[in-house]
Amino acid sequence: MKPAPTLSTAFLESAGQSLPKPLLDLRKQRGTALVDMPLPTRKTENWKYSSKYLKLTEDMASPLPSQGQGMTGQDVPGYRIVFLNGVIQPEASEFPQAAGIQVTSFRDLDDEEAEALAGQLDSTLDDKAVQLARLNAARFEDGLLIRLKPDAVLDQPLFVIHEVTADASGSAFPRIFVDAGRHSQATLVEEYRSSGSEPVMVNTVAEFNLADGANITNVRLTMEGDNVQHIGATGVRQQRNARFESHTVGFGGPLRRHDLQVRLEGEGGECKLNGVVVTQGKQHFDNHTTIEHVAAHCNSEETYRNIAADQSHAVFNGRIHIHQDAQNSNADMNNKNLLLSNGAEIDTKPELEIYADDVKCAHGATIGQLDEVSLFYLVSRGIARREANVLLTMAFINELVEQIPLETVRETAHTRLNQFFDQTFQEV
Amino acid sequence: MLSIKNLHASVEGKEILKGINLEIKAGEVHAIMGPNGSGKSTLSQVLAGNEAFEVTEGEVTLNGENLLDLETEERAREGIFLAFQYPVEIPGVSNLQFLRTAVNAMRKHHGEEEMNAAEFMKLAREVSKQVDLDPSFLKRGVNEGFSGGEKKRNEILQALLLQPKLAILDETDSGLDIDALKVVSDGVNALRSEDRAILMVTHYQRLLNHIVPDYVHVLAGGKIIKSGGRELALELEEKGYGWLGIKDEETADSAAN
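Those protein sequences? They're chains S and H, same order as listed. Whatever position you read off the first sequence (first residue = 1), add 3 for our numbering. Whatever position you read off the second sequence (first residue = 1), add 138 for our numbering.
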């Protein structure tokens, strides 16, 4: 039998030394642990449908430049943090300055703060489930730390722009850690973008640690170009009565993978996870979500919609795990899929594991095509077939896009979705 | 305006229309009556261009142009409008967006400038009032959660906005209470004009009290078996379809009740 391919050692050689010592130490230790890490194959259960898209060539191991031209921050309706190839650009960023709120680059932490952070990194993620995202801890060059003291409320949304310049092959490893104190509240928008056309990888981790009653909204827009492999993980831990809301909008690429893991560890916790994915051409997108109902009386509500055109491939795997003590859990998962062509593929898999006996748990998954009757109704009013297709396809995801809490982010999503549809229905 | 000659059509291999002949001139209102299963709805759907129905024989021209050669959307732009018996609910597409897209498709086809959102909103609000539909319905999904009557009023709203040459009303009176019937009829009567024709498809003659037709045709077994003036409808109402030797259980039932 052929031995399973392992991660090239080139990926474990970090270049930058700009982090405080405790984080450098952590990084080294994590790197050592990843030596000989097997890469996922078709037989790796949680990469079954996606391993064939993963192409980590050795020249992608090199770090991308941490400084670049034209990083004048775009206008955003809130605070702005700009990462360029995984490194925060202070000149292009606008950090919030408010009592009880610390927003800092990992590089600017003193040793004591860095020590504390090192103890927390990766604590929200299930290592086994996110093998490849573990690489981030071995390679990050910078990161954004957000600490919200009890009752602190971030008055405006914080936009984190992750820009990758793919003028040469390489990788970027941006990272975010949010520590939300008791009853604190914030909205964080992550936008992933790219320029250039060389093959690159973005390997990104965002973590949210929510104390009692904290309320965090996270919007995640994955919109890099067709040369970018994106491997991302988001980890969430929620204590008593904490609430987490996630809205993801993703456009396909050569490889797109997002793992979202939520642990409801305190009673009364609530999470709402909405996701929209559109793929075209030969693109791919794979969403893997896990909700751990650890404590009793928690609610989770998950709605994902995939649209796949041409020969593209979308994957949704939604796992809900209700632990033995999690009585009175309420979990609702729904995944609807729309295939726009015969060559497109969508794989969807709900996974329910329930050990408590008094729970309400519902799941549903459907795969369908555009409704002919609705289509006839629209064209019978003189609407062009192509436009009718776009209207119906948008309708399929509008319900979720409309729930994105910020109008400007909604508009960004709409604009990008319209561009997508302009290309998708050209031949119809 | 509309000329149908020896029209045969089938669905899933089963022939429903078996040789329809009908001439409709501009300014006229025709009613087609007939029992369930006689082919009334099939005729409406075929004229609008539903691909689920296959035309196997015959021809249809609209102002001399071969209608059957046109795609559904082209027929609509040439002036065919079908008010659906069962209007489709489309959640996620707002009624306003749908209506504006349709109106602008027509305007573009006629070389007119497209209407912007504000202009269209003003127009749509006015026309909504005409069919007694609260403007809040414009913001909802197309027909989403509308009652039967609201759906029918939304159909007439579309006809008023699109100003077709030939409006086909498929069982537009079904499911309407008397007030809604009045509103819908007023809307249809507002459409009546010298250069427009209306084709009403209905089971009952009730609607014809409000929208008085110039001609009435009886459709049975896929053919028009009798044509006449308005009095034919009244005669049918009185005597039932059995009078013409047609079996119609529903009519028989309702007569018995």
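Where is the CB? At the ideal position from N, CA and C, for every residue including glycine. Since we're looking at a predicted model, the values are computed, not measured.
Quick one, are the C-beta atoms of residue i and residue j less than 9 Å apart?
i	j	result
SER174 (chain S)	SER65 (chain S)	yes
LEU145 (chain H)	LEU155 (chain H)	yes
LEU346 (chain H)	VAL356 (chain H)	no
ALA299 (chain S)	ASN331 (chain S)	yes
PHE423 (chain S)	VAL222 (chain S)	no
GLN264 (chain S)	GLU295 (chain S)	yes
LEU37 (chain S)	SER54 (chain S)	no
THR127 (chain S)	ASN212 (chain S)	yes
HIS291 (chain S)	SER315 (chain S)	no
PHE191 (chain H)	ALA147 (chain H)	yes
TYR379 (chain H)	PRO229 (chain H)	no
GLU309 (chain H)	GLN343 (chain H)	no
ILE158 (chain H)	LYS361 (chain H)	yes
GLY235 (chain S)	ASN206 (chain S)	yes
VAL350 (chain H)	ILE170 (chain H)	no
GLN296 (chain H)	LEU237 (chain H)	yes
PRO23 (chain S)	ASP114 (chain S)	yes
HIS83 (chain H)	LYS320 (chain H)	Not covered by the structure: residue 83 (chain H). The range shown for chain H is 139 to 395.
GLU89 (chain S)	PHE143 (chain S)	A small fix is needed here, since residue 89 (chain S) is Gly in this sequence, not Glu. Contact: yes.
HIS186 (chain S)	GLY216 (chain S)	yes
GLY383 (chain H)	LEU304 (chain H)	no
LEU148 (chain S)	LEU120 (chain S)	yes
ALA214 (chain H)	MET259 (chain H)	no
Which of the three DSSP states, helix, strand or coil, is assigned to residue i?
i	result
LYS320 (chain H)	helix
HIS291 (chain S)	strand
THR396 (chain S)	helix
ARG260 (chain S)	strand
VAL222 (chain S)	strand
MET204 (chain S)	strand
TYR82 (chain S)	strand
PHE176 (chain S)	coil
ASP335 (chain S)	strand
ASN254 (chain H)	coil
ALA169 (chain H)	strand
HIS417 (chain S)	helix
Counting only beta-carbon separations shorter than 9 Å, does residue i have a partner in chain H?
i	result
ARG388 (chain S)	yes
LEU381 (chain S)	yes
GLY385 (chain S)	yes
GLU375 (chain S)	yes
PHE399 (chain S)	yes
VAL431 (chain S)	Residue placement at VAL431 (chain S) is flagged as unreliable, the pLDDT there being 46, under the threshold of 50; the coordinate-derived value follows with that caveat. Answer no: the Cβ-Cβ gap between VAL431 (chain S) and chain H never drops below 9 Å.
GLU115 (chain S)	no
GLU402 (chain S)	yes
LEU395 (chain S)	yes
I want to see whether chain S comes within less than 9 Å of residue i, judged by CB atoms only; does it?
i	result
ILE228 (chain H)	yes
ASN292 (chain H)	no
ASN188 (chain H)	yes
THR239 (chain H)	yes
VAL198 (chain H)	no
GLY286 (chain H)	no
ARG368 (chain H)	no
ALA94 (chain H)	For residue 94 (chain H) there is no data in the structure shown, the boundaries of chain H being 139 and 395.
THR210 (chain H)	yes
PHE258 (chain H)	no
PHE222 (chain H)	yes
HIS146 (chain H)	no
Measure how close the beta-carbons of residue i and residue j come, nearest whole angstrom, since I'm counting them as under 8 Å.
i	j	result
ARG30 (chain S)	ALA140 (chain S)	7 Å
VAL280 (chain H)	VAL326 (chain H)	Contact doesn't hold; Cβ gap of about 21 Å is too wide.
VAL393 (chain S)	ASP350 (chain S)	The pair is not a contact, with the Cβ atoms about 25 Å apart (cut-off 8 Å).
ASN338 (chain S)	ALA368 (chain S)	4 Å
PHE247 (chain S)	ILE219 (chain S)	5 Å
ALA391 (chain S)	VAL382 (chain S)	5 Å
Alpha carbons only, please: which of the options is nearest the one belonging to residue i?
i	options	result
SER11 (chain S)	S:LYS58, S:PRO353 and S:GLN20	S:LYS58
VAL358 (chain H)	H:ASP333, H:GLN235, H:LEU181 and H:GLU161	Before going further, note that residue 358 (chain H) is Ala rather than Val in the sequence given. Minimum Cα distance to ALA358 (chain H) is reached at H:LEU181.
VAL163 (chain S)	S:ILE349, S:SER108 and S:PRO153	S:SER108
LEU208 (chain H)	H:VAL350, H:LEU185, H:ASP324 and H:ILE228	H:LEU185
VAL193 (chain H)	H:GLU150, H:MET259 and H:GLU376	H:GLU150
ARG384 (chain S)	H:GLY283, H:PRO273, H:ILE362 and H:ASN233	H:ASN233
GLY228 (chain S)	S:ARG389, S:ILE219 and S:PRO257	S:PRO257
VAL203 (chain S)	S:ALA155, S:ARG259, S:ALA183 and S:PHE180	S:ARG259
LEU267 (chain S)	S:ARG246, S:GLN241 and S:HIS261	S:GLN241
ASN309 (chain S)	S:LEU342, S:ILE323 and S:GLY284	S:LEU342
ASP78 (chain S)	S:VAL208, S:VAL362 and S:THR415	S:THR415
Is the beta carbon of residue i within less than 8 Å of some heavy atom of the ligand MG?
i	result
ASN320 (chain S)	As far as ligands go, the structure on display features none, and thus does not contain the ligand MG.
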